[in-house]
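Following: one structure in structure tokens, then a few remarks.
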Amino acid sequence: MPDLDFKRLLLPARADAGAFFRGDWILNLYRGCNHGCIYCDSRSVCYHMEDFDRVHAKRDCLAALETELRCKRRAGVVSMGAASDAYNAREAALGVTRGALALLKRYGFGIFLATKSAMVARDADLL
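Okay, here's the thing in structure tokens:
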């Protein structure tokens with residue numbers, strides 16, 4: 004499955020989204036989700052994501068995330084899992100969520116993480 008290119012990883016949370024996701028920044032390391040939740044807003048056709056059930060990783064995302072974190076003037080809370088579960092089927096093999104959590108911790112950022120996966124227990128030492 005091909006990785007995706009992107010412009011930025013850390014996106015500022017809009018005022019209305021920030022209240023819902025409890026963060027200053029939104030971070031999605033993947034696009035798509037394999038949980039298949041019927042209530043998921045991200046599955047909506049209005050987002051124009053074809054084949055949402057296939058998970059795609061973002062290319063070289065850990066190096067890009069470190070660059071973005073280093074350039075931030077102040078730390079804040081990063082919300083993960085808003086549009087794609089950070090602990091999806093590909094995470095066990097790729098480990099980018101664990102790598103991102105380590106970077107966020109190193110740079111002093113707080114984390115708000117929403118997931119349906121028990122794999123989150125693997126990273127308890129970083130939360």
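Position 32 of the sequence shown, counting from 1, maps to 35 under the numbering used here, and the rest follow consecutively. For each residue, glycine too, the CB sits at the ideal point set by N, CA and C.
Just the C-alpha distance for residue i and residue j, rounded to the nearest angstrom, thanks.
i	j	result
residue 67	residue 98	15 Å
residue 70	residue 61	15 Å
residue 6	residue 82	22 Å
residue 30	residue 12	6 Å
residue 95	residue 76	32 Å
If you compare alpha carbons, which of the options is closest to residue i?
i	options	result
residue 190	108, 80, 100 and 119	Since the first residue shown for the chain is 4 and the last is 130, residue 190 is missing from the structure and cannot be characterised.
residue 26	103, 59 and 84	84
residue 16	108, 28 and 63	28
residue 116	77, 124 and 109	124
residue 108	74, 122 and 78	78
Starting from residue i and walking both ways along the beta strand (DSSP E), at which residues does that stretch end?
i	result
residue 113	113 to 116
residue 12	Looking at the DSSP string, residue 12 is not in any beta strand (DSSP E), and its letter there is neither H nor E.
residue 30	28 to 30
residue 81	80 to 83
Please work out which residues of its chain come closer than 8 Å, Cβ to Cβ, to residue i, disregarding the five sequence neighbours upstream and downstream, and give them in chain order.
i	result
residue 105	129
residue 65	99, 102, 103 and 106
residue 127	none
residue 73	110
residue 9	61, 62, 64 and 67
Does any C-beta atom of chain B lie closer than 7 Å to the C-beta of residue i?
i	result
residue 78	No chain B is present in this structure, which holds just one protein chain.
Please list the terminal residues of the continuous alpha helix (DSSP H) segment that includes residue i.
i	result
residue 99	99 to 109
residue 66	64 to 74
Within its chain, find whatever has a CB closer than 6 Å to the CB of residue i; leave out the 5 residues flanking it on each side and keep chain order.
i	result
residue 113	80
Residues in its own chain within less than 7 Å of residue i by CB, not counting five upstream and five downstream?
i	result
residue 122	90, 94 and 95
residue 49	Here the model assigns residue 49 a pLDDT of 46, short of 50, so the residue's position is not dependable, and the following value carries that caveat. There are no such residues.
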